[in-house]
Amino acid sequence: MITAGVNTGCGGNANTRTSKLQIIQHSFFQHHQAGILPQLVYPRGNTLRDMNQESQSLSPEITRGTILLRCNSLLRGHSAVRIEVIDLLLRVLNEGYVPLIPLRGSISASGDLSPLSYVGGLVEGNADVFVRFEEEDGKQTIISAAGTLQRLGLGPLKLNAKEGLGVMNGTAVSTAAAGLALYDCHQMALLAQVLTAMATEALLGTVDNYHEFIARCRPHCGQTEVARNIRGFLRGSALCHETDPKKTGLVQDSYSLRTAPQWIGPHLEDIMLAAHQIDVELNSTTDNPLIDVEGQRFHHGGNFQAASVTSAMEKCRSGLVMLGKMIQGQCEELINPSLSRGLPANLALDNPSLSFTVKGLDINMTAYYSELAFLSNSISNHVHSAEMNNQSVNSLALVAARYTGECVQVLSMMYAAHLYILCQALDIRALSMDFFAKAKAKSRTVYQEIFGGGLELALIDFELVWTQIISTWDQTGHLDLADRCNHVAMQSFAHLLDVAMRETNASSSTLCGQVKQWKDRLLEIMATCYDEARQKFVKSPSTCTYLGEASKAMYQLVRCDLEIPLHQGISDHPPLAAAAGESEGKRTIGSYVSRIYVALSDARYVERLRNLVASECKAE
55 MITAGVNTGC GGNANTRTSK LQIIQHSFFQ HHQAGILPQL VYPRGNTLRD
105 MNQESQSLSP EITRGTILLR CNSLLRGHSA VRIEVIDLLL RVLNEGYVPL
155 IPLRGSISAS GDLSPLSYVG GLVEGNADVF VRFEEEDGKQ TIISAAGTLQ
205 RLGLGPLKLN AKEGLGVMNG TAVSTAAAGL ALYDCHQMAL LAQVLTAMAT
255 EALLGTVDNY HEFIARCRPH CGQTEVARNI RGFLRGSALC HETDPKKTGL
305 VQDSYSLRTA PQWIGPHLED IMLAAHQIDV ELNSTTDNPL IDVEGQRFHH
355 GGNFQAASVT SAMEKCRSGL VMLGKMIQGQ CEELINPSLS RGLPANLALD
405 NPSLSFTVKG LDINMTAYYS ELAFLSNSIS NHVHSAEMNN QSVNSLALVA
455 ARYTGECVQV LSMMYAAHLY ILCQALDIRA LSMDFFAKAK AKSRTVYQEI
505 FGGGLELALI DFELVWTQII STWDQTGHLD LADRCNHVAM QSFAHLLDVA
555 MRETNASSST LCGQVKQWKD RLLEIMATCY DEARQKFVKS PSTCTYLGEA
605 SKAMYQLVRC DLEIPLHQGI SDHPPLAAAA GESEGKRTIG SYVSRIYVAL
655 SDARYVERLR NLVASECKAE
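Plus 54 on top of the position in the sequence shown (first one is 1) and you've got the numbering used here.
Right, dumping it as structure tokens:
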């Protein structure tokens, strides 16, 4: 009986025949162990070697997943691989030894042949295939596969017919990488919804964006879930309310907030389909040929073609770039004073003429997004024929999974920067609310003192006057505090004078004198109240009293757990703080954002995020 890969060559060389059934299995390993591992060339301690060790080999996580998945597939009994081979691989895995596998070289057509040949090199005890493990002192060590087996008291295995091909002919590498990337994609989608809730609060958006009626009118399951989640995250917020029919300016929120359910929802649906595809792949036999024990025959087919994995990863990357674009849009609104509804330019707590607090992050976000958009391009469009034209179509699934993992990393950087910006924005928004409450009360008293003595101006409703004051404040976030307060007072003067001259019979000389007095007093109130509110806020922030539960949890993660403080402006720059004798605890903005980036991948914080969602869904 002629069986491909048993008594024939492989692929385009399956027209050859051999009776050396054991030797040919080792031959398959030999010609695929051709990947590039620069760290094995340069001596220890070499900078280039250290850099390349991580950049040119698969991560330990992907490699461990690879071995586990390959064993799971082989155990199904369709690949003619002995239990001894599986036991050896599991023993090595459980002892913490991880083969060093080249990052590149697989087209995931006849499975991930090249990477899995290095797993095969471990089985056969190849002295030029290497394994890394951690010593008791935590030091990472690299030894040969032969040395690994010797340390474990094992011997190399002589392969029987079909076993070499059985080990290396499958989608375990691409599926392991895809499974890990998919897990992260779920976190990215969830976090996008939480960050959107925070942005809605920071921008004084409306909870009506996420009203269940809108979802019922267009009942896509993803859209419905996102709207429900964000609505739950905003529960308890004092910053966002239902749509106000008397609202000045734009009556609707921007697209990055208002259409978030419609934008994120399709990605959730794609992720769920991708999860189903990967779940099936995780529990499949992806070998060729396959043995049908009951039917007593071989089947020559193509279960090694990992297009399902590619399909899953393409969907995930497409969704990740959409999430990135939405986050970038929200970020731009927070930083731009013409869009942020009163927040200062670049979210500077001191004067924006001297401090440009998050301007660098704004530029970084564009850099991150541009790279994310490039990485998200379709991989399947770049398929080329390979292996004597036998593999004329190939899935490139491992490349797709790797790029998806890179997209997650870049998007995580965007999320870290955005979360830093959001916390700064929420602090300034809370400070503004404190300031408005105090300034409004004092302004009302002064207004009554000036205009309450029988003048016709007393008939003009103070609430209308205050609405105009807030409107002017919202339009002047680009100005320093003194100039901003002066502009607000001048505009109030002009507004009040215009209304009074149109709607009262008071003489112009009387009006001008009284309104000028109002302008001078208002200027003093605004400047003094803001400065007092800012000093008090720095000592004792009131932000949490305004936030919904989800925003509060994320805010406390940043401010309390990660100990990242409110940025107070140019005085927080480490060299200037050192010169002033106040350098303790001062860090660059990048250092703080780096803390957030690391935390977003920490299992403890991921679990907290899940619990938050679970509690909000239960409350809903």
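We put the beta carbon where it would ideally sit given N, CA and C, even for glycine.
These numbers were taken from a predicted model, which means no experiment stands behind them.
DSSP, read as helix, strand or coil, puts H532 in coil. Residues V412, L415, V612, I618, I643, Y646, V647 and I650 of the same chain have their beta carbon placed closer than 8 Å to that of Y474, with the five preceding and five following residues left out of the count. For the pair L401 and A479, the CB atoms are nearer than the 7 Å cut-off. Around the C-beta of M55, fewer than 16 other C-beta atoms lie within 10 Å, and the residue is accordingly described as exposed. Contiguous alpha helix (DSSP H) elements confined to the segment 467-519 do not occur, taking only those with 4 or more residues. According to the DSSP assignment, I155 belongs to no beta strand (DSSP E), since it is labelled neither H nor E.
As a beta-bridge residue in DSSP terms, Q445 pairs with A440. The beta carbon of A230 lies closer than 6 Å to those of I116, G119, T120 and L123 in the same chain, with the five residues before and after it left out. Here the alpha carbons of Y659 and V334 stand approximately 29 Å from one another. Under DSSP, Q194 takes part in a beta bridge, and its partners are E188.
Counting along the chain, the unbroken alpha helix (DSSP H) around H80 starts and ends at I77 to H86.
DSSP assignment within the segment 352-416 yields the following whole alpha helix (DSSP H) runs of 4 residues or more, N-terminal first: 361-389. The three-state reading of DSSP puts T225 in coil, since its state is none of H, G, I, E or B. I579 sits in a helix when the DSSP states are folded into three classes. In the DSSP assignment, I345 falls outside any alpha helix (DSSP H) and lies within the beta strand (DSSP E) extending over L344 to D346. Contact between the segment 237-254 and the segment 595-613 is present, with at least three C-beta pairs closer than 8 Å. An exposed status is given to L304, since fewer than 16 other beta-carbon atoms sit within 10 Å of its beta-carbon.
Around the beta-carbon of M367, 16 or more other beta-carbon atoms lie within 10 Å, marking it buried. CA-to-CA, the gap between L147 and L129 works out to about 16 Å.
In this structure V183 does not touch V221 by the C-beta definition: roughly 13 Å separates them, more than the 8 Å allowed. Take F490, set aside five residues on each side of it, and the residues of its chain with a beta-carbon closer than 8 Å to its own are I524, in chain order.
Secondary structure of S111 (DSSP, three-state): strand.
Annotated three-state conformation of A292 is coil, per DSSP. Here K216 is near V60, since their CB atoms are less than 7 Å apart. Taking a cut-off of 8 Å for Cβ pairs, the segment 417-437 and the segment 370-379 touch, as three or more such pairs fall below it. Remark: three or more beta-carbon pairs, one from each stretch, lie closer than 8 Å, so the segment 395-410 and the segment 481-501 are flagged as touching. Around the CB of M468, 16 or more other CB atoms lie within 10 Å, so the residue is classed as buried. Counted as a single uninterrupted DSSP element, the alpha helix (DSSP H) harbouring A653 occupies residues I643 to A653. For Q445, the CB contacts under 6 Å within the same chain, skipping 5 residues up- and downstream, are A163 in chain order.
The Cβ neighbour count for T195, taken over all protein chains shown within 10 Å, is under 16; the residue is labelled exposed. With distances taken between CA atoms, G383 lies nearest to L311 out of I284, L311 and D615. Taking a cut-off of 8 Å for Cβ pairs, the segment 490-505 and the segment 255-272 do not touch, as fewer than three such pairs fall below it.
Distance between M487 and H621, taken at the CA atoms: about 18 Å. In terms of CA proximity to I433, S372 leads the group N126, S392, S372 and S394. In this structure, I514 lies away from Q571, with their beta-carbon atoms at least 7 Å apart. Around the beta carbon of R186, 16 or more other beta carbons lie within 10 angstroms, which makes this residue buried.
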